[in-house]
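Chains as they are written, first to last, in the working numbering: chain W, 40 to 326; chain R, 40 to 326.
Protein chains: 2
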Amino acid sequence: MDTLETRELRYFMAVAEELHFGRAAERLGMAQPPLSRAIQQLERRLGVSLLQRNRRGVCLTGAGEVLLHEGRAALDAATAAARRTRRAGGAGTPDGLRNRLVLAVKAAASHELLRKLLDAYAAEPDAAEIEVLPCGSCEQEEMLRDGRADVALMHMPYNSLAGFDSEELLTEGQIAVLPAGHPLAARRTLTLADVSDIPDLPLARWPRHGTYPPGPGPEVHDQTQLAQLIALGRTMAIIPDSARAWLWAEHTAVPLTDAPPVVTYVAWPAHSRSLALAGLIRTATQL
Amino acid sequence: MDTLETRELRYFMAVAEELHFGRAAERLGMAQPPLSRAIQQLERRLGVSLLQRNRRGVCLTGAGEVLLHEGRAALDAATAAARRTRRAGGAGTPDGLRNRLVLAVKAAASHELLRKLLDAYAAEPDAAEIEVLPCGSCEQEEMLRDGRADVALMHMPYNSLAGFDSEELLTEGQIAVLPAGHPLAARRTLTLADVSDIPDLPLARWPRHGTYPPGPGPEVHDQTQLAQLIALGRTMAIIPDSARAWLWAEHTAVPLTDAPPVVTYVAWPAHSRSLALAGLIRTATQL
DNA sequence: GTCCTGTCATACCCGGTGGGTATCACCGAA
DNA sequence: TTCGGTGATACCCACCGGGTATGACAGGAC
């Protein structure tokens, strides 16, 4: 009566995202008519109209928008429950609370911090095994939400800590990474005003949650691409100080005096109750 | 394959909480054998053992503990999705994002703040209708989690903000509420040391998440009971300053100089995207 | 030892329903 | 007008979720 089956949620999410019953049914691996019927049943059960069927395709009603957001969270929670339960039992540890932890990190970010954290935690008396899960820009949130990870290193202001518990670990400044030969590369320090709107060095654009922000710069989706484009003199980037680790010889890093500081946090699902996780967080905050 | 049906979760939660198939089946309104079979299917699907069936009853394995916690969150998310969707469509507003907001407050707490908030918000140009949902001690978190409320006023350190977004609204001191005739009632200020372990005035005990902390004081579960017991000289209480509103003539309030301050926050589900909610929060933070 | 009791598991049956195929009703474009 | 493409309807079947009856097994009383 007052609860939704995850099957209903899956179906609705597919239709709400595709805005097309046929494509949604294909994505779900089923025929279109049962999908239509399932959505109608869902609407009747909720007593609410979710989709507006107009002449050509469908569009969401207000209630549909709400269910799209809330349902995403509910589905993530359900798959997270399945994944974490499987991991808890699969490791073979009898008590189940001392198993492997999956730590999501943005690939190549905070490398030094990560190494120190792993070393310090490994020295703890009853440390769990830590699996490091490298992920792309801003994917850590998704990984925590759907249970592929148990804990993550996040970087404000790039990530959002909404919905997670967190502890602050490290604050660092940012540097401008320029082609070694560029005139600005000779400067000791730079400001944001110095590096914005340079016609020959537009800022590279990173995908945020799958989409690229608008702008003149080239679209990149990993450090190697970015590094190459900078070395070729096609773009520049503003990155946290600790990312100096992966710079090339053709790069020059210049500190930015007025860039917003980047704060690294360790974050985990708010309802988490694992002993191993508590130990890792204690270790991290004592670094 | 990698997602759990809410039916399976409901069944497992019942068994995990009762630790008894028969009672769990009764609670679920079904017979015991299908429940047994459903749990076995769930264990097979997940590939992990959740319950340890020993001679007399059952107990949870480690993986079962994990699923108990994660499943609670997932079930809450699913029922929250249903409730919020129903409310979004039921109000009859066509755009659905400008509907009624349910605000959970601890009954009789922050009365003045609440009045100011409601007045200020009602004066906004396109204010949604606010339904005030009074709830018992620490119930606001549950209300937000399972969708009965959209936003809440919470009081640190009594509530936990884990898993919610929040903004600080107000910090206040605490007062000791004593029977008017008591010797300590003549003092201008008191300290925690003054009022702890007074044999004739043991501190009243409030339920926290359904259970009472241990101690010598009487158990109370609403302000009226507490007020009466204080007036009768049987107990005393330490409460935030703003709760002076409901004191009786037979009560005397004395400021406590070293009690931890109580901070009132406005809190809401982290993934919330409602325009009406954003307006209410903006109003609250500008008070 | 033999009951008896209480637990969860098994065996078997049935009805509801989720899913499939075929088709319809409708609308816009050519 | 016809045609392509949309979602809805009609109808059927198989699966499975749920029920009842019963079994297997362990403890406790005696």
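Cβ atoms here follow ideal geometry from the backbone N, Cα and C, with glycine treated the same way.
task: Output, in sequence order along the chain, the residues in the stretch 193-211 of chain R whose CB is closer than 7 Å to any CB in chain W.
output: Ala201, Gly202 and Asp204
message: Once DSSP output is grouped into helix, strand and coil, what is the label at Gly256(W)?
response: The sequence position of residue 256(W) within the first sequence is 217, counting from 1. Of the three classes helix, strand and coil, the one that applies to Gly256(W) here is coil, per DSSP.
field: Which listed residue (Thr45(R), Phe51(R), Ala112(R) and Pro196(R)) has its alpha carbon closest to that of Arg66(R)
entry: In the second sequence, the residue the question calls residue 66(R) occupies position 27. When each option's Cα is compared against that of Arg66(R), the closest is Phe51(R).
- prompt: For the stretch 184-257 of chain W, which segments carrying the alpha helix (DSSP H) assignment without a break, of at least 4 residues, lie completely within its bounds, in sequence order?
  reply: 231-234
message: Is His221(W) close to chain R? Criterion is C-beta to C-beta, closer than 8 Å.
response: Taking the first sequence and counting its residues from 1, one reaches residue 221(W) at position 182. Output row for His221(W): interface = no.
task: Could you tell me which residues DSSP puts in a beta bridge with Thr303(W)?
output: Taking the first residue of the first sequence as 1, we reach residue 303(W) at position 264. Beta-bridge pairing links Thr303(W) to His194(W) and Leu209(W).
- prompt: Nearest CA to the CA of Ala284(W): which residue from Thr324(W), Arg273(W), Ser149(W) and Leu271(W)?
  reply: Position 245 of the first sequence holds residue 284(W). Of the listed residues, the one whose Cα sits closest to Ala284(W) is Ser149(W).
- prompt: Between Gly68(R) and chain W, is there a C-beta pair that is closer than 8 Å?
  reply: Residue mapping note: residue 68(R) aligns to position 29 of the second sequence, counting from 1. Closer than 8 Å: no.
message: Check for me: the beta strand (DSSP E) holding His290(W) runs from which residue to which?
response: By one-based count along the first sequence, residue 290(W) stands at place 251. Looking at the DSSP string, the run of the beta strand (DSSP E) that includes His290(W) is His290 to Pro294.
query: Within the 8 Å Cβ cut-off, does His248(R) reach chain W?
result: Translated into the one-based positions of the second sequence, residue 248(R) becomes position 209. Chain W, which has no Cβ nearer than 8 Å to the Cβ of His248(R), makes this no.
- prompt: Who are the near neighbours of Arg49(W) in its chain, counting only those whose CB is closer than 8 Å to its CB and skipping five residues on each side?
  reply: Within the first sequence, the letter at position 10 stands for residue 49(W). Excluding sequence neighbours, Arg49(W) sits near Leu67 and Leu114.
- prompt: Are Arg312(R) and His108(W) closer than 8 Å when you measure CB to CB?
  reply: Taking the second sequence and counting its residues from 1, the one referred to as residue 312(R) is at position 273. Taking the first sequence and counting its residues from 1, the one referred to as residue 108(W) is at position 69. Yes; because the gap between Cβ atoms is below 8 Å, this pair is in contact.
message: Pull the bridge partners of Leu142(R) from the DSSP assignment, please.
response: Position 103 of the second sequence, counted from the start, is the residue given in the question as residue 142(R). Partner(s): Val171(R) and Val190(R).
Spatial neighbours of Arg226(R) in its chain, beta-carbon cut-off 8 Å, leaving aside the 5 residues before and after: Translated into the one-based positions of the second sequence, residue 226(R) becomes position 187. Excluding sequence neighbours, Arg226(R) sits near Asp233 and Val293.
task: Starting from Arg46(W), find everything on chain R with Cβ-Cβ shorter than 7 Å and list it in chain order.
output: Taking the first sequence and counting its residues from 1, the one referred to as residue 46(W) is at position 7. Residues of chain R passing the Cβ test: Glu44.
- prompt: Just to confirm, are Leu268(W) and Val216(W) a CB contact at a threshold of 8 Å?
  reply: Position 229 of the first sequence, counted from the start, is the residue given in the question as residue 268(W). Position 177 of the first sequence, counted from the start, is the residue given in the question as residue 216(W). For Leu268(W) and Val216(W), no; Cβs fall outside 8 Å.
task: Measuring only between beta-carbons, confirm whether Leu106(R) sits less than 8 Å from chain W.
output: Taking the second sequence and counting its residues from 1, one reaches residue 106(R) at position 67. It does; some Cβ of chain W falls within 8 Å.
query: Where does Asn138(W) land, buried or exposed, given buried means 16+ other C-beta within 10 angstroms?
result: The residue labelled residue 138(W) in the question sits at position 99 within the first sequence. Buried is the call here.
message: Using only the alpha-carbon positions, how far apart do Val141(R) and Asp158(W) sit?
response: Taking the first residue of the second sequence as position 1, residue 141(R) is located at position 102. Taking the first residue of the first sequence as position 1, residue 158(W) is located at position 119. So the two alpha carbons sit approximately 48 Å from each other.
field: Helix, strand or coil at Pro164(W) [DSSP, three-state]
entry: In the first sequence, the residue the question calls residue 164(W) occupies position 125. Pro164(W) falls in the coil class under three-state DSSP.
message: I need the straight-line Cα distance from Asp185(W) to Pro279(W), nearest angstrom please.
response: To locate residue 185(W), count along the first sequence from 1; it is residue 146. To locate residue 279(W), count along the first sequence from 1; it is residue 240. Their backbone Cα atoms lie some 28 Å apart in a straight line.
query: Would Glu180(R) count as contacting chain W if we go by Cβ distances under 8 Å?
result: The sequence position of residue 180(R) within the second sequence is 141, counting from 1. Chain W, which has no Cβ nearer than 8 Å to the Cβ of Glu180(R), makes this no.
Under the three-state DSSP convention, the category Val87(R) falls into: Translated into the one-based positions of the second sequence, residue 87(R) becomes position 48. Residue state, collapsed to three classes: coil.
message: Considering Cα atoms alone, identify which of Thr230(W), Ala219(W) and Ile277(W) is closest to Ala243(W).
response: Locating residue 243(W) in the first sequence gives position 204, where the first residue counts as 1. For Ala243(W), the nearest C-alpha among the options comes from Ile277(W).
task: With 9 Å as the limit, tell me which residues of the stretch 110-126 of chain W have their beta carbon closer than that to any beta carbon of chain R; keep them in chain order.
output: Gly110, Arg111, Ala112, Ala113, Leu114, Asp115, Ala116, Ala117, Thr118, Ala119, Ala120, Ala121, Arg122, Arg123, Thr124, Arg125 and Arg126
- prompt: Terminal residues of the continuous beta strand (DSSP E) containing Ala276(W)?
  reply: Residue mapping note: residue 276(W) aligns to position 237 of the first sequence, counting from 1. That run of the beta strand (DSSP E) goes Ala276 to Pro279.
- prompt: Taking the C-alpha atoms as reference points, what is the distance between Gly220(R) and Cys177(R)?
  reply: For this step, residue 220(R) is matched to residue 181 along the second sequence. For this step, residue 177(R) is matched to residue 138 along the second sequence. Cα to Cα, Gly220(R) sits roughly 32 Å from Cys177(R).
message: I need the DSSP call for Leu99(W), collapsed to helix, strand or coil.
response: Residue 99(W) sits at position 60 when you count from the first residue of the first sequence. Reduced to three states, the DSSP call for Leu99(W) is strand.
query: What does Glu189(R) touch in chain W if you count any residue whose Cβ is under 7 Å from its own?
result: What you label residue 189(R) is simply residue 150 of the second sequence in a count that begins at 1. The identity of residue 189(R) in the sequence shown is Asp, whereas the question assumes Glu. By Cβ distance, chain W contributes nothing, its closest Cβ being about 10 Å from Asp189(R), past 7 Å.
- prompt: Under a three-way DSSP split, which group does Arg312(R) fall into?
  reply: Position 273 of the second sequence, counted from the start, is the residue given in the question as residue 312(R). Note: Arg312(R) maps to coil in three-state DSSP.
message: If you reduce the DSSP assignment to three classes, tell me which class Arg273(R) lands in.
response: Residue 273(R) sits at position 234 when you count from the first residue of the second sequence. Looking at Arg273(R) - three-state DSSP - the assignment turns out to be coil, as it is neither helix nor strand.
message: Only counting the same chain, and skipping five residues up and downstream in sequence, which positions put a Cβ closer than 8 Å to that of Val54(W)?
response: For the purposes of this step, residue 54(W) is taken as the residue at position 15 of the first sequence. Correct list, in chain order: Phe60, Ala63, Leu74, Ile78, Leu90 and Val97.
task: Within the same chain, show all residues whose beta-carbon is closer than 8 Å to that of Pro331(W), passing over the 5 residues directly before and after it, in chain order.
output: It is not possible to answer for residue 331(W), since the shown part of chain W is limited to 40 through 326.
message: Give me, in chain order, the residues of the same chain whose beta-carbon lies closer than 7 Å to that of Val305(W); leave out the 5 immediate sequence neighbours on both sides.
response: Indexing the first sequence from 1 puts residue 305(W) at position 266. Contacts found: Val190, Leu192, Ser205, Glu206, Leu208, Ile320 and Ala323.
- request: Could you pull out every residue in the same chain whose Cβ sits closer than 6 Å to the Cβ of Met195(R), ignoring the five residues on either side in sequence?
  value: Against the second sequence, residue 195(R) aligns to sequence position 156. Answer for Met195(R): Val302, listed in chain order.
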